[in-house]
Each structure stands twice: as C-alpha cells, then as structure tokens.
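In short: position in the sequence shown from 1, add 31, done, that's this note's numbering.
For reference, the structure discussed in these notes is given below.
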Amino acid sequence: MERNLFIELLEDGDNVSLYSPHFEGEEYSEFEKFLLAYKDTYPNDVRQLVYRLDIIKRDGALDRHFRYEGIRRDRVMALPSHLETTSLRLYLLNIQAKILILGNGGLKTTATYEEDENLHRQVKTLQKIDIQIKQKEKDKVITVSGTELLGELTFTINDD
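Take a look at the structure:
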C-alpha cells in the first residue's frame, strides 16, 4: 500500500532543526504520535528523550547523542544513546548533523529492533524516506541550507 507524506517542520533552531514525517490524512506527525502514545505510560522515559533532544538542539546533532540503527548506508539513528537507558526507542534520521527528522518508535523489549514488528516497521519507514531524500538531494530537488531542509518535501512510500 502506498502512502503519501510530507516532512513537517516542528521546530526551527540555530544549531539543529526538528522535522517529522506527517502522513496524508493523519492528524499528527510520527513524532507527535510517539509522544501521545507513551507520555502517560512511560512519562519518565519520554521526559528523558525530550531532555536529550533539548541538549541536541543546543549543542548540535553529534554522533555521540545517538545509537546507530538501520544499515550502514542509511542515516537512521535512535535515542537514547548508549549512555542512557530507557524502555523506549525513538527512531530518527540525522541529516548532516543539522536536521533531525523525528520518526516514531516504541517499547524496546527485544535485543534488536528487527525482532519486534513495530520497531522494525518504524525503522523501515525511515529507511524508505531516507532513500527518497538522498535521491532528491542528488537531483537537487532538496537542499540543506544551514538548519533548513528546502525543496519538495512530499513523498510516497510503499508499506510492503
């Protein structure tokens, strides 16, 4: 099934800007859905992840803030870093250490994300978005200017 989405600006920052995929016909972006799903059941974990995002916005999206996820050639990362522990994982794309595209995530109960259907689906969605962003960057349809993602920010991905 194909789904349309756009990359929505959540917060424009001096060092890092936050964006999130927003699927057509849905009320909330992927990051907003993550917050809404877990804020009441895992408030301390959500608070810790938001605190880490605040530090990243202040200091920049340096690799030390994240766990590498996905595969080598993509830009999928996760919060929290290996320095912190939470029951939740938030998946995101780190674009040139200036732009974070915050996806969704979930409760981490398995050794790897691939073992959990929900977490695997969240990572795969970001990987598909990343492939299209890279192609649009290569074709100069999308450009990064400072902490801004400029250009055609609409995509169609296949959920298969």
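Cβ coordinates follow ideal geometry from the N, Cα and C atoms, glycine included.
Can you give the beta carbon distance from residue i to residue j, rounded, assuming they're within the 8 Å contact cut?
i      : j      : result
GLN130 : VAL47  : Sequence inspection shows Ile at residue 130; the Gln mentioned does not correspond to that position. Yes, ILE130 and VAL47 are in contact; Cβ-Cβ is about 7 Å, under 8 Å.
ALA109 : TYR122 : 5 Å
LEU150 : ARG120 : 6 Å
ILE102 : PRO52  : Actually they do not touch by this definition, with Cβ atoms about 19 Å apart.
For residue i, collect the residues of the same chain with a Cβ closer than 6 Å to its Cβ; drop the 5 residues on either side in sequence, then sort them by chain order.
i      : result
ASN189 : GLU33
LEU184 : PHE37 and ILE38
GLY137 : ASN149 and LEU150
THR187 : GLU33 and ASN35
Tell me which same chain residues have a C-beta within less than 8 Å of the C-beta of residue i, skipping the five on either side of it?
i      : result
THR178 : ASP43, GLY44, ASP45, ASN46, VAL47, SER48, LYS129 and ILE130
LYS88  : GLU42, GLY44, ASN46, VAL47 and LEU49
ILE86  : HIS96
Taking just the CA atoms, how far does residue j sit from residue i?
i      : j      : result
HIS96  : ARG106 : 14 Å
ASN75  : ASP191 : 34 Å
SER118 : LEU181 : 34 Å
GLY148 : ASP71  : Per the sequence presented here, residue 148 reads as Glu, with Gly not at that position. Roughly 22 Å between the two C-alpha positions.
GLU55  : THR140 : 30 Å
GLU61  : LYS159 : 14 Å
ASP90  : LYS169 : 28 Å
THR18  : ARG83  : Lying outside 32 to 191, the shown extent of the chain, residue 18 is not represented and no answer is given.
TYR73  : ILE164 : 32 Å
GLU58  : GLU146 : 29 Å
In chain order, what residues of the same chain lie with their CB nearer than 7 Å to the CB of residue i, ignoring the 5 residues before and after it?
i      : result
VAL175 : ILE126, GLN127, LYS129 and ILE130
LEU66  : VAL77
TYR99  : MET108
VAL154 : GLU100, GLY101, VAL107, TYR122 and TYR144
LYS167 : ILE173, GLY182 and GLU183
LYS64  : ASN135
GLN79  : PRO111, GLU115 and THR117
ASP94  : none
Length-filtered (3 minimum) beta strand (DSSP E) runs lying within the region 63-108: none
Uninterrupted beta strand (DSSP E) stretches inside the region 143-178 (no shorter than 3 residues): 173-176
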